[in-house]
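Here the structure is laid out as structure tokens; the discussion comes afterwards.
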């Protein structure tokens, strides 16, 4: 099997709803620690209005300071943000991919982005043109792909229709997001198998939240279906913003990077990530945030292979 491509989400998706704004220096320390672990991609920041999400007011400064090896992913939600990040990319030259959210559920799209599908599809098409012309790969996350906390079940056909539309726009990096942890391994494998077989020139990204404890199992199901790009977040923070009107869904959080990478390594799957260095980055994250996070291997330790057979 080819090496899996792992993206670390802590600095963007992890921090987007964090109650305290971190200093740029602290973010840069974390960025450099994450980069030292050998992850293929880092979700670094977001180009959204700073009065809406103050956490990302230092987006330009952070990108200009970063000189690591990992690919850089950022996020934006409208044409103005896309134009701004393209200008930053012309100067810094290090933005690889820009993600854009689009919910399979129109009810969730309205709650999250205040935008119906028809309006949002035109916005996405405009952003794809801006990014592609500016040398940045467009990536769209089809959120609520396995269920919506507002509208309920989302059919595979709905997701397939959205993916087909994105493919027609020329988007070749498409993420499926389990926004509030409603997926299960059987449905994950079934949907990704259909997509991987039908769209062989698309890189699909598996992005799971662990609200109901199925996140790691769902990542494994996606890999089994042929997905090579996966996401995770140090300490398992982040996930669905609390501001979204989403009903009663319990605690939100991304799949824990340290736990996921340790398991994949134990299974013999190659991510190119150094688990010990990733653990060090996770410990730094806990120190900077000033609290214990949700990684289990941070508490129990990595499994060490025996150096000699038992006697």
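In the working numbering, the protein residues as written are 776 to 1086.
C-beta: ideal position from N, C-alpha, C; glycine also.
Computed from a predicted structure; not experimentally measured.
Where residue 848 is concerned, the enclosing beta strand (DSSP E) starts and stops at 846-851. Nearest Cα to residue 975 within the set 882, 1003, 873, 1064: 1003. Residue 823 is positioned such that its CB atom lies no closer than 8 Å to that of residue 861. DSSP places residue 794 in the coil class of the three-state scheme, outside both helix and strand. A Cβ-Cβ distance of about 6 Å is found for the pair residue 1012 and residue 1068, placing them in contact under the 8 Å criterion.
Here residue 1047 is not near residue 1029, since their CB atoms are 8 Å or more apart.
Look at residue 883 here: in three-state DSSP terms it is helix. Straight-line spacing of the CA atoms in residue 896 and residue 848 works out to 21 Å. The stretch 921-937 and the stretch 902-911 do not touch, with fewer than 3 CB-CB distances between them shorter than 8 Å. At a cut-off of 4 residues, the continuous stretches assigned as alpha helix (DSSP H) that sit fully inside the stretch 979-1061 are 990-999, 1032-1041. Counting only runs that start and end inside the stretch 852-912, the alpha helix (DSSP H) elements of at least 4 residues fall at 854-867, 881-888, 892-908. Residue 780 carries a strand assignment under DSSP once its states are collapsed to helix, strand and coil. Restricted to the stretch 799-834, the beta strand (DSSP E) segments that are unbroken, complete and at least 3 residues in length are 816-822, listed in chain order.
The Cβ atoms of residue 1032 and residue 995 do not sit closer than 8 Å to each other. Cβ neighbours of residue 1038 within its own chain (closer than 7 Å, five residues either side excluded): 991. In this structure, the alpha-carbon of residue 859 lies about 35 Å from that of residue 966.
Assigned with DSSP and collapsed to three states, residue 959 falls in coil, not helix or strand.
Taking a C-beta distance under 8 Å as the contact criterion, residue 791 and residue 852 do not qualify as a contact pair.
Within a 10 Å sphere around the beta-carbon of residue 826 sit fewer than 16 other beta-carbons, which makes this residue exposed. Under the 8 Å Cβ criterion, the stretch 971-986 counts as touching the stretch 935-949, having at least three qualifying pairs. Closest option to residue 803, judged by alpha-carbon separation, among 1015, 871, 831, 882: 831.
Scanning its chain for C-beta atoms nearer than 6 Å, with the 5 sequence neighbours on each side dropped, one finds around residue 982 the residues 950, 952, 1006, in chain order.
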